[in-house]
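Trainee:
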Amino acid sequence: MWKQTGSGALSVGHPVTLTYDNGEGLEFRRTVAVDDKYLFTLKDDVTNKGSSPISLFPYALISRHGTPQTAGYYILHEGLIGVLGESGLQEYTYKNIAEKKAVNFDVTNGWLGITDKYWAAVLAPDTTARLKARFSTGTLGTLPTYQTDYLLDAQTVAPGATVSVNARLFAGAKEVAVVNDYDKQLKLNRFDLLIDWGWFYFITKPLFIAIDYLYRLVGNFGLAILIVTVLIKAAFFPLANKSYASMAKINPLAGCLPIAIQIPVFFSLYKVLFVTIEMRHAPFFGWIHDLSAQDPTNVFNLFGLIPVDPTMLPVIGQFLHLGAWPLIMGVTMWAQMKLNPAPPDPTQAMIFNWMPLIFTFMLANFPAGLVIYWAWNNSLSVLQQSVIMRKHGAKIELFDNIKSLFVRKKTL
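For the sequence shown, the residue numbers in my numbering are 12 to 423.
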C-alpha cells in the first residue's frame, strides 16, 4: 500500500511524496507536483534492495470509462489525440477507435491524450524519449473504455542502486495562452494542435490572436470582432475596389468576389467562436450574453412577448428560431445584394433575390458572434461599395428607391 510521507494535500508549491515497498526488494518513491494551470509533474525513484539486477519499464496511461456525449460536429474533434513523432497529428473519435480496437506507434518526440471540447488530459513525456505509444479501446464489464498510453525502454536497476524517471500530465482547460506556453517551455511537438484550429489553421489561430489582443484593449470580445472586421476590410480594400469597379462597368458578377473571399475568414471565425474556451460565455451588449451561442431572441414569439417557445413545436419547430441579429444580418445582406446590378440570367437573378432570406434562416442557429460579424461586414461592404460606385459614376438604385419612398410618404 502506498503511504504519504509528510502531511498536507497536494497544491501549487506543495508537492506530495508517496512511498511503497513491494516486499520483494524494491522500494518506490513518487513525488507529485502541480502548477497553477494543472500541469502535473511526477518523479519516480526506484531503489533495488535485492541481490539481483532488475529491469523495469516506465509506463503511463490515461483511461476514460464510458463513452461521453460529444457535440457531434465535424469541425470539432473530441476523443483520442496526439502528435507522435513524424506521424504528425493523430485524431481518433470514440467511434473510430472502437472500430480499430488499437493503434500502435513507435516514435520519439510525442504527446498523447484524450480531449473534450474545452478540456483535455494529456501525457507529455520527455521529448527525447523513445515511446511505444498506443490508442486503444476495451471493456470493463459492459462499460466501454478508451485509453492512451506509452511504454518507455527498459531501465535496469542494479543491486543497491536507484534509478529515476520523470513523467508529465496536463489535465485542464485548453486556454490558448496556456497551451502555447507549455509548447514553448517544454519544447513539445506542436502541442498547440491540442486546440482544434482546423484546416484553416494559418487563418484561424492568427485571427484568434488578433481578437484576443484587441479584447485586452477594449474589454469586450464582440467589439474586438468588430474591429478585426474593419481591419480585414481595409486589407482587402484594393481587391474590393477593382472588383466593384468591374461590376459597375463590365461584369455584374464581379461583385460576388469579395463575398467569396471572406468565406475562409467566416469559417475561421466560426472555429474560433466554437472551439476556444476564451469565447465561452463571452458577452456582447444587450441581450447577447454569450457570443458562442445563438441569438436567444425569436421573432416567432415577438421576441418574448408571446409566452410560447415555437422551437418546441413538432416537425417544424426546428425551423422556427429566428433572432434579432439574424434579421439584422438578413437586411444588411439584402442591401448589399441590391447594390449589385441584376444579373441578365433569370435563374441567377432569382438565386440572388433569395440568398438573403436563405442566409437569414441558415445563420439563425449559428453563434451570435458570427452573425454579428456578418451583419457588420455587410454594412461595411454597403458603405464601401457605395463610395466606389459613386466614384465610377454608377447609379445606386437602392438609395434612389429609398429616397423615392420617403418622398412619396411626404407627399401623401
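Built from N, CA and C at the ideal position, the CB exists for glycine as well.
1) On the CB-based measure, 16 or more other CB atoms within 10 Å of its CB, does Glu35 come out buried or exposed?
2) Taking the beta carbon of Thr153 as the centre, do at least 16 other beta carbons fall within 10 Å, making it buried, or is it exposed?
3) Out of Val45, Leu368 and Gly230, which has the shortest C-alpha to C-alpha gap to Ile339?
4) Which first and last residues belong to the beta strand (DSSP E) in which Thr167 is found?
5) Using the beta-carbon count (16 or more within 10 Å), is Val426 buried or exposed?
6) Here's a check: name, in chain order, each residue in its chain whose Cβ is nearer than 6 Å to the Cβ of Thr104, leaving out the five neighbours to either side.
7) Given Leu381, which residues of its chain have a CB within under 8 Å of its CB, disregarding the five upstream and five downstream residues?
8) Return the chain-ordered list of same chain residues with a C-beta closer than 7 Å to the C-beta of Leu416, the five sequence neighbours on each side being excluded.
9) Under 8 Å: do the region 305-316 and the region 109-127 share three or more Cβ pairs, one atom per stretch?
10) Check whether the Cβ atoms of Thr159 and Ile220 lie closer than 8 Å to each other.
11) According to DSSP, Trp122 sits in a beta bridge with which residue or residues?
12) Is it buried or exposed, His25, if we count other Cβ atoms within 10 angstroms and call 16 or more buried?
13) Out of Lys106, Ser175, Thr156 and Asn231, which has the shortest C-alpha to C-alpha gap to Asp137?
14) Based on Cα-Cα distance, which residue from Ala135, Gly19 and Thr308 lies nearest to Asp203?
15) Rounded to whole angstroms, what's the CA-CA distance from Ser397 to Leu197? Just pull it up for me.
16) Who are Val133's beta bridge partners in DSSP?
17) Is the separation between the beta-carbon of Phe330 and that of Asn231 shorter than 8 Å?
18) Leaving out five residues before and five after Gly19 in sequence, what residues of the same chain have Cβ atoms less than 7 Å from its Cβ?
19) From Thr28, Glu97 and Ser303, pick the residue whose C-alpha is nearest to that of Arg41; which is it?
20) Can you list, in chain order, the residues of its chain with a C-beta nearer than 6 Å to that of Ser147? Leave out the 5 residues immediately preceding and following it.
21) Which residues in the same chain have their Cβ closer than 8 Å to the Cβ of Ile424, if we skip the five residues on either side of it in sequence?
22) Starting from Phe213, trace the alpha helix (DSSP H) in both directions and tell me its first and last residue.
23) I want to know whether the region 229-245 touches the region 162-172 - three or more CB-CB distances under 8 Å.
24) Look up Val57 in the DSSP assignment and give the residues it is bridged to.
25) Contact defined as beta carbons within less than 8 Å: I believe Pro354 pairs with Phe363. What is the distance between those atoms, to the nearest angstrom?
26) Taking 8 Å as the threshold, find out whether the region 74-90 comes into contact with the region 175-190 through three or more Cβ pairs.
27) Compute the beta-carbon to beta-carbon distance between Ala182 and Phe51, rounded to the nearest angstrom, for a pair I have assumed lies under 8 Å.
28) Tell me whether Phe116 sits in a helix, a strand or coil according to DSSP, three-state version.
29) Check Gly149 in the structure and name its three-state DSSP category.
30) For Glu102, which residues in the same chain have their Cβ closer than 6 Å to its Cβ, ignoring the five residues on either side in sequence?
31) Over the uninterrupted alpha helix (DSSP H) stretch that includes Ser303, give me the two end residues.
32) Let's see if you can read the secondary structure: which residues bound the beta strand (DSSP E) around Val23?
33) Here's a check: name, in chain order, each residue in its chain whose Cβ is nearer than 8 Å to the Cβ of Ile238, leaving out the five neighbours to either side.
34) Would you identify the three-state DSSP class for Arg291, choosing helix, strand or coil?
35) Which whole-angstrom value is the C-beta distance of Asn388 and Gln305, which I expect to be below 8 Å?
36) With which residues is Lys143 paired in a DSSP beta bridge?
Mentor: Let me lay it out:
1) exposed
2) exposed
3) Leu368
4) From DSSP, the beta strand (DSSP E) with Thr167 extends over Gln166 to Val168.
5) The first residue shown for the chain is 12 and the last is 423, placing residue 426 beyond what the model contains.
6) Gly90
7) Phe277, Leu280, Tyr281, Leu284 and Leu374
8) Confidence at Leu416 is low in this model, with a pLDDT of 48, below 50, so the placement of that residue is unreliable and no value is reported for it.
9) no
10) no
11) Val94
12) exposed
13) Ser175
14) Distance from the Cα of Asp203 is smallest, within the candidate group Ala135, Gly19 and Thr308, for Ala135.
15) Using only the alpha carbons, I get a separation of about 52 Å.
16) Gly124 and Phe181
17) no
18) His25
19) For Arg41, the closest alpha carbon among the candidates Thr28, Glu97 and Ser303 is that of Thr28.
20) Ala113 and Gln158
21) Shown here, the chain extends from 12 to 423; a query on residue 424 therefore has no answer.
22) Tyr212 to Val229
23) no
24) Listed as beta-bridge partners of Val57 by DSSP are Phe39 and Val174.
25) 6 Å
26) Result no; under three Cβ-Cβ pairs closer than 8 Å.
27) That pair is a contact at about 7 Å.
28) strand
29) Here Gly149 carries a strand assignment [DSSP, helix/strand/coil].
30) His88 and Ile92
31) Neither: Ser303 is in no alpha helix (DSSP H) and is coded neither H nor E.
32) No beta strand (DSSP E) holds Val23; DSSP gives it neither H nor E.
33) Leu225 and Val229
34) coil
35) Between Gln305 and Asn388 the Cβ distance is about 19 Å, and since that is not below 8 Å, they are no contact.
36) Asp117 and Leu162
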